[in-house]
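Counting in our numbering, the sequence shown runs from 1 upward without gaps.
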Amino acid sequence: MEKCRKCQNEIPENAKFCSHCGAKISSGPRAFVAPGKKYALGITLGSLVLVGLILTFQNQIIGNKPDETFSVEKHANTGKPETAYVNPNLIRLQKAVKASPQNKDAWKSLALELSRSLKAGEGDPRSLALDLVDALSQILQLDADDKEALLLTADLSFDMKAFTKAKEFYERYLKLEPDDPDATARYASTLTFLGQYNQSITLLNALLEKHPDSFQAHAFLAITYAQQGKQELARLSGEEALKHAPSEEARKRFETFLSGMGKKRQQAPLIAALQNNPIAGPKLVNTKVEGDTVIATMTMFPMEMMPEVAKQKFLSSLKANRGEFKKIIFIDQEKKTMLGEYKLDE
């Protein structure tokens, strides 16, 4: 353990800011590490599991389906009462930013402790996430080009399912750090989630020209091809990914994905059609398969308010891609009620 030169309290060896007084520990080249950047493969804030090998593995690597209800602007500076934490580090850092609201380093120190607590599951995740959003917003108000805050905001927006915002902040960050391969790969996964498959493929191929050993790039490319129904290209990219797996766990997960890809081939078109629909896609939370039935959980999807012509066009697109499935059921995530049940084989 090291000691803070200002308050003499013990701090972790790699700390950049003191979690006790908020003082900057070193002006050296230590990097601000955003949660999920180093461990992007397999660690996300979301807990929903998408059923089906293609979507399941994609979820394990790059997160859950985005929810456009979250936005940095909407959730920052809301005027909500200050969260009462029991974590002494958070209490001290809250006092530090309150005493010095123009101190960017103090806000960064608070953001680091909030993100650590959030990842460790210490405290209410919603309160921690919203306070983290607020801290990042404060940092970016003080310095709109703070690279670390931009990247952390992009990752947090992604993990909070705000795809459009994630795309915006990744783009802002990558303008400043265009050669960051991990951020580029995660940005490409954002494009995949937005249904921009061709752009994602172009970006990943360009990344692989510079970093041919990137497991993330090969894996994301395989997943994107699989969601397009290009099974042979998905298999080839997947085999390349296996050669560069960073761990035995990642290798086993991806082997499961590849081995099951052919078995679930009929499932992908229906899920992809649902994901890529401009109306339903952004509202899709997850899918579950029960026999020949797909259960799709939606958020804020007022199906009963859809014009009949639009509804029939939507259902026709699902029927055209039904594969082996005979029925689809839509569930409202918030109310836990059924939005509709439709036969696909008629």
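Even glycine gets a Cβ: it sits at the ideal position worked out from N, Cα and C.
Legend entry - Residues near Leu132 in its chain [Cβ-Cβ closer than 7 angstroms; skip 5 each side]: Ala111, Leu114, Ser115, Leu118, Leu156
Legend entry - Three-state secondary structure (DSSP) of Asp332: Three-state result, Asp332: strand.
Legend entry - Coarse secondary structure for Met338, derived from DSSP in three states: strand
Inset, instruction - Along the beta strand (DSSP E) that carries Ala106, what are the first and last residues, could you check? - result: Annotation: Ala106 is outside any beta strand (DSSP E); the continuous alpha helix (DSSP H) that includes it extends over 104-120.
Inset, instruction - Just tell me which of Leu128, Asp292, Leu208, Ala296 has its CA closest to the CA of Ile329. - result: Ala296
Inset, instruction - Given a cut-off of 7 angstroms, decide if Gln216 and Tyr197 are closer than it, judged by their beta-carbon atoms. - result: no
Legend entry - Within 7 angstroms, strictly: CB atoms of Lys210 and Glu177: No.
Legend entry - Inter-residue Cα distance where the pair is Ala166 and Leu194: 11 angstroms
Legend entry - Simplified DSSP assignment, three categories, for Thr299: coil
Inset, instruction - Alpha carbon to alpha carbon, how far is Ile91 from Ile279? Give it in angstroms, no decimals. - result: 43 angstroms
Inset, instruction - Determine the contact status of Ser189 and Phe163, defining contact as a CB-CB distance below 7 angstroms. - result: no
Legend entry - Glu240 versus Ala149 - alpha carbon distance: 33 angstroms
Inset, instruction - Report yes or no: do the segment 290-310 and the segment 325-341 share at least 3 C-beta pairs separated by less than 8 angstroms? - result: yes
Inset, instruction - Helix, strand or coil for Glu290, going by three-state DSSP, please let me know. - result: The answer is strand: DSSP assigns Glu290 an E or B state.
Legend entry - Start and end residues, alpha helix (DSSP H) containing Tyr85: For Tyr85, no alpha helix (DSSP H) encloses it, and the DSSP letter there is neither H nor E.
Legend entry - Buried versus exposed call for Pro302 [16 or more other C-beta atoms within 10 Å across all chains shown]: exposed
Legend entry - Three-way DSSP call (helix, strand, coil) for Leu284 in this model: In the three-state DSSP reduction, Leu284 falls in the strand class (E or B).
Inset, instruction - Could you tell me if Met300 is buried or exposed, where buried requires 16 or more neighbouring beta carbons within 10 angstroms of its beta carbon? - result: exposed
Legend entry - Through-space distance from Leu274 to Cys281, alpha-carbon basis: The question names Cys, yet the displayed sequence has Gly at residue 281. So the two alpha carbons sit approximately 6 angstroms from each other.
Legend entry - Residue of Leu142, Ser200, Lys327 minimising C-alpha distance to Trp107: Leu142
Inset, instruction - Starting from the C-beta of Pro307, find all residues in its chain whose C-beta is less than 6 angstroms away, skip the five residues before and the five after it, and write them out in chain order. - result: none
Inset, instruction - State the CB to CB distance for the pair Lys326 and Lys313, rounded to an integer number of angstroms; the pair is presumed to be in contact (CB under 8 angstroms). - result: For Lys326 against Lys313, the beta-carbon gap comes to about 20 angstroms, at or over 8 angstroms, which does not count as contact.
Legend entry - Limits of the alpha helix (DSSP H) - the one that Ser189 falls within: 181-193
Legend entry - Per-residue DSSP class, three states only, for Lys326: DSSP, reduced to helix, strand and coil, places Lys326 outside both helices and strands of the structure shown, so it counts as coil.
Legend entry - For Pro181, the nearest candidate out of Lys161, Arg172, Leu204, Arg253 (CA to CA): Leu204
Inset, instruction - Flag this pair as yes or no: are the beta carbons of Ser237 and Ala250 separated by less than 7 angstroms? - result: no
Inset, instruction - For Pro35, count neighbouring C-beta atoms within 10 Å of its own C-beta (all shown protein chains included) and say buried if the count is 16 or more, exposed if not. - result: Residue confidence for Pro35 is low, a pLDDT of 35 falling below 50, so the modelled location carries little weight and cannot support an answer.
Legend entry - Three-state secondary structure (DSSP) of Lys230: coil
Inset, instruction - Please report the Cβ distance between Thr224 and Thr192, rounded to the nearest whole angstrom; I am assuming they are in contact, meaning their Cβ atoms lie under 8 angstroms. - result: 5 angstroms
Inset, instruction - Over the uninterrupted alpha helix (DSSP H) stretch that includes Leu198, give me the two end residues. - result: According to the sequence shown, residue 198 is Asn rather than Leu. Counting along the chain, the alpha helix (DSSP H) containing Asn198 begins and ends at 197-210.
Legend entry - Check whether Arg235 and Leu270 have beta carbons under 7 angstroms apart: no
Legend entry - Three-state class that DSSP yields for Lys343 in the structure shown: strand
Inset, instruction - Kindly indicate which residue of Phe169, Thr256, Ala310, Glu334 has the alpha-carbon position closest to the one of Leu353. - result: This structure does not reach residue 353, given that the chain is present from 1 up to 346, and the question cannot be answered.
Inset, instruction - State the CB to CB distance for the pair Leu130 and Ser109, rounded to an integer number of angstroms; the pair is presumed to be in contact (CB under 8 angstroms). - result: Not a contact, Cβ separation roughly 18 angstroms.
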